[in-house]
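Engineer: Numbering (my numbering), first residue to last: 3 to 187.
Ideal placement from N, C-alpha and C gives every residue a C-beta, glycine not left out.
Dropping the structure in here first, questions after.
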C-alpha cells in the first residue's frame, strides 16, 4: 500500500544513498512526457524537502525545457535489493546553470564531472513509498563510462559550441545553454 509523507525521513534518505540509478519524469503542456534514467553519483539530498542532481550533457535537454515551461517533476528510486521498495519524489524543479549566481554554493554539494551542464534543484511537495514487490532483484556490474569519456574527448571549445547550439527541446520548447565549461572528475 502506498504511503505519503510531507518530507524525506532518515529511512528514505538511507534508501536513496544506496541506489545506483534513479528515474526522472517531466512534461509540459503539448509536449511529450520525458522519462530518463540517471546514473553516476549525481543525486543529493539537500534537505528534508529539497533534493538536487547533477546533469551532464546528453542527447537532449528535455528536463530543462519542461521545468522552465511547467515545473513539475517526479523522481523515482527502485530498490533492486532488499527490502522491496519504490520511492517517488514529487515536486517542482528548476535548472541552476554554471553562470547562475547560486551555482558555486550549490555545486559544492556535488563531485563535478567534465560535461556537467546544470544542476536540477527540486522542492518536494510530497514523498511516496510503495511496495516494490514486482521489481526484480538486480545487481550493479559497474558504471558505464561512455558519457564521461565522450565529454572528456571534446575540447572545451567543442563542448561549448555543441551546448550553445542546443536551445530547444525535441518539441520546440526553449532551453538555456550553459555558458561555462565545467571540468571535473
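Using the Cα positions of residue 169 and residue 175, report the straight-line distance between them to the nearest angstrom.
Structural biologist: 8 angstroms
Engineer: Quick one: Cα of residue 84 to Cα of residue 15, how far?
Structural biologist: Rounded to the nearest angstrom, the two C-alpha atoms are 15 angstroms apart.
Engineer: Roughly how many whole angstroms lie between the Cα atoms of residue 89 and residue 130?
Structural biologist: Straight-line Cα distance between these residues: approximately 6 angstroms.
Engineer: Identify which residue in 145, 28 and 167 has its Cα closest to the Cα of residue 43.
Structural biologist: The shortest Cα separation from residue 43 among 145, 28 and 167 belongs to 145.
Engineer: Bridge partners of residue 75, per DSSP?
Structural biologist: DSSP lists 28 and 93 as the beta-bridge partner residues of residue 75.
Engineer: Is the distance from the Cβ of residue 82 to the Cβ of residue 45 below 9 angstroms?
Structural biologist: Not closer than 9 angstroms, so no.
Engineer: Could you name the residues of the same chain whose beta carbon sits closer than 6 angstroms to that of residue 48, not counting the 5 residues immediately before and after it, in chain order?
Structural biologist: 54
Engineer: Tell me the rounded alpha-carbon separation between residue 163 and residue 6.
Structural biologist: 44 angstroms
Engineer: Report the three-state DSSP secondary structure of residue 118 (helix, strand or coil).
Structural biologist: Reduced to three states, the DSSP call for residue 118 is strand.
Engineer: Going by the CB atoms, is the gap between residue 100 and residue 74 shorter than 9 angstroms?
Structural biologist: no
Engineer: Do you know offhand how far residue 167's Cα is from residue 115's?
Structural biologist: For residue 167 and residue 115, the distance between alpha carbons rounds to 21 angstroms.
Engineer: I need the DSSP call for residue 5, collapsed to helix, strand or coil.
Structural biologist: Here DSSP, grouped into helix, strand and coil, assigns residue 5 to strand.
Engineer: With a CB to CB cut of under 6 angstroms and the five nearest residues on each side skipped, what residues in its chain are close to residue 25?
Structural biologist: 39 and 78
Engineer: With DSSP as the reference, label residue 52 as helix, strand or coil.
Structural biologist: In the structure shown, residue 52 sits in a strand (DSSP, three-state: E or B).
Engineer: Thinking C-alpha only, which one of 56, 3, 133 and 142 is nearest residue 187?
Structural biologist: 56
Engineer: Within 9 angstroms of any Cβ in chain B, is that where the Cβ of residue 68 sits?
Structural biologist: Looking at the structure shown, chain B is missing, and only one protein chain is on hand.
Engineer: Do residue 52 and residue 124 have their C-beta atoms within less than 9 angstroms of each other?
Structural biologist: yes
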